[in-house]
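Colleague: The structure is given below, and queries will be raised subsequently.
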Amino acid sequence: MSDPGSPSPGEIGGVFAGLTALLVAFGGGAKWILGWTERRAASRSAKLDAWHAELKDRQEQLDAAEAEYQARIEARLKDLERENRALRMAFHLVGPTLRQIDPHNQQLAQAEALLSAAFPLDPMVPPDMAQIFHAID
């Protein structure tokens with residue numbers, strides 16, 4: 001028989017089964033926690049990938065809009081430069097003749113002074129205007 005103070009084989013088996021159950025539970029908990037962190041990392045990675053793709057698309061749209069805007073501005077500037085050059089040359093061609101017809105006209109004198117100060121005439125005439133001058137002569 002066994003000693004009255006010593007544990008019985010059933011108690012030892014019960015303690016062993018209880019410890020085993022606790023270890024399995026801790027192992028399952030650890031596995032769940034590790035799985036949770038992995039799922040969390042995968043979810044975070046997926047969110048970051050989606051965010052990067054969205055940023056890339058947005059940047060491409062901004063670049064396209066900026067390029068289109070710059071092309072429009074350059075085309076408009078080219079048109080305005082051509083118009084400005086034509087108006088300036090037209091006034092320099094017509095102004096002296098009008099001043100000969102009406103030499104005391106103050107508006108012509110002011111316009112000539114303003115345009116001469118703002119747009120001094122280049123000694124170099126653009127080739128397309130040189131052709132126009134030769135056609136006029």
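Last residue of the sequence shown: 137 (this note's numbering), numbering continuous. We treat Cβ as the ideally placed atom computed from N, Cα and C, and that holds for glycine.
May I have the straight-line CA-CA distance separating Q100 from Q107, to the nearest angstrom?
Modeller: So the alpha carbons of these two residues sit roughly 14 Å apart.
Colleague: Quick one: what's got a C-beta closer than 8 Å to P126's C-beta in the same chain, skipping five residues either side?
Modeller: If we look at P126 and ignore the five residues flanking it on each side, its Cβ neighbours are R85.
Colleague: Along the chain, where does the alpha helix (DSSP H) that runs through S8 open and close?
Modeller: Here S8 belongs to no alpha helix (DSSP H), and DSSP marks it neither H nor E.
Colleague: Give the DSSP-derived three-state secondary structure of P126 in the structure shown.
Modeller: In the structure shown, P126 sits in coil (DSSP, three-state: anything other than H, G, I, E or B).
Colleague: What whole-angstrom Cβ distance do G95 and E112 have, given they're in contact under 8 Å?
Modeller: With a Cβ gap of about 5 Å, G95 and E112 count as contacting.
Colleague: Among A41, D102, A118, A90, whose alpha-carbon lies nearest the alpha-carbon of F133?
Modeller: Ranking the options by Cα distance to F133, first place goes to A90.
Colleague: Quick check on D102: does DSSP put it in helix, strand or coil?
Modeller: Residue state, collapsed to three classes: coil.
Colleague: Whole angstroms is fine: what's the gap from A109's alpha carbon to K56's?
Modeller: One C-alpha to the other measures close to 59 Å.
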